[in-house]
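Numbering (UniProt numbering), first residue to last: 1 to 111.
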């Protein structure tokens, strides 16, 4: 959700302000935020399976840094994978939200 305070105090040129229903956009963005997390792995089995896929964090780790056969290491790697997945899923939503806010609330000289 984007909250803008002080909009009523902005010195906007008369006649250049277009009415926009913020409620509709807010509902869209909240719905998008909720749907992002539907793509996350939810069981330990799914997490372990995801670790051995091409786009997993294992490919970015040095060889022999952690044991892929040790249950404790796999649990730790699974937690890292979830954090990586969350950041990957949320980043585009944040970019979209910022782009929307900049189009509706800022002029090009303020960005």
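Backbone N, C-alpha and C define an ideal beta-carbon position, used for all residues, glycine too.
Give me, in chain order, the residues of the same chain whose beta-carbon lies closer than 6 Å to that of residue i; leave out the 5 immediate sequence neighbours on both sides.
i	result
residue 77	51
residue 24	Residue confidence is low: residue 24 scores 49 on pLDDT, short of 50, so the model does not pin down where it sits. No coordinate-derived value is stated.
residue 22	Residue placement at residue 22 is poorly supported in this model, since its pLDDT is 49, which falls under 50; the coordinates still yield a value, given next. Closer than 6 Å at Cβ, skipping near neighbours: no residue.
residue 84	57
Do residue j and residue i have their beta-carbon atoms positioned less than 8 Å apart in this structure?
i	j	result
residue 47	residue 90	no
residue 74	residue 57	no
Excluding the five sequence neighbours on either side, which residues of its own chain have a C-beta within less than 8 Å of the C-beta of residue i, listed in chain order?
i	result
residue 98	none
Starting from the C-beta of residue i, find all residues in its chain whose C-beta is less than 7 Å away, skip the five residues before and the five after it, and write them out in chain order.
i	result
residue 96	none
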